[in-house]
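Heads up, the thing below is written out as structure tokens.
In the numbering used here, the protein residues as written are 19 to 102.
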């Protein structure tokens with residue numbers, strides 16, 4: 019059985035949230051630095067790339083909020099003809 023990485027398990031929790039729901043994390047040390055690490059860690063997870071999210075520090079805790087999903091770009095018929 020494969021163990022999930024720290025970022026993988028956090029990303030999985032984020033993917034399973036509904037829009038507007040949050041995850042609140044306690045942190046040891048500098049909350050701003052930890053939030054920065056979390057932002058960068060989630061950017062490296064394929065499943066999280068399509069999720070709009072915010073990572074912020076509130077009262078010394080890290081709050082990760084799912085804002086929605088990015089929509090793929092709309093391809094127009096005339097752009098397909100031109101190869102754009």
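Cβ coordinates follow ideal geometry from the N, Cα and C atoms, glycine included.
(message) In the DSSP output, what is residue 75 paired with across the bridge?
(response) Taking the first residue of the chain shown as 1, we reach residue 75 at position 57. BP columns for residue 75 point to 80.
(message) Taking the beta carbon of residue 50 as the centre, do at least 16 other beta carbons fall within 10 Å, making it buried, or is it exposed?
(response) Residue 50 sits at position 32 when you count from the first residue of the chain shown. Residue 50 comes out exposed.
(request) Would you decide whether residue 84 is buried or exposed? Buried here means 16 or more other CB atoms lie within 10 Å of its CB. (result) Here residue 84 corresponds to residue number 66 of the chain shown, with the count starting at 1. Buried.
(request) Would you list the one or two residues that DSSP bridges to residue 42? (result) For the purposes of this step, residue 42 is identified with residue 24 of the chain shown, where counting begins at 1. In the DSSP output, where bridge partners are listed per residue, residue 42 has 81.
(message) Please return the same chain residues whose Cβ sits closer than 7 Å to the Cβ of residue 88, not counting the five positions on each side in sequence.
(response) Working through the chain shown from its first residue, we reach residue 88 at position 70. Contacts found: 68 and 70.
(message) Quick check: what's the CA-CA separation for residue 39 versus residue 23?
(response) Reading the chain shown from its first residue, position 21 is the one you call residue 39. Reading the chain shown from its first residue, position 5 is the one you call residue 23. Near 22 Å, if we compare the C-alpha coordinates of residue 23 and residue 39.
(request) Assuming residue 86 and residue 37 form a contact by the criterion Cβ under 8 Å, report the distance between their Cβ atoms to the nearest whole angstrom. (result) Your numbering for residue 86 matches position 68 in the chain shown. Your numbering for residue 37 matches position 19 in the chain shown. That belief holds up - the Cβ atoms of residue 86 and residue 37 are roughly 5 Å apart, short of 8 Å.
(request) Can you give me the Cβ contacts of residue 35 inside the same chain, cut-off strictly under 8 Å, excluding the 5 residues immediately before and after it? (result) Here residue 35 corresponds to residue number 17 of the chain shown, with the count starting at 1. Closer than 8 Å at Cβ, skipping near neighbours: 41 and 84.
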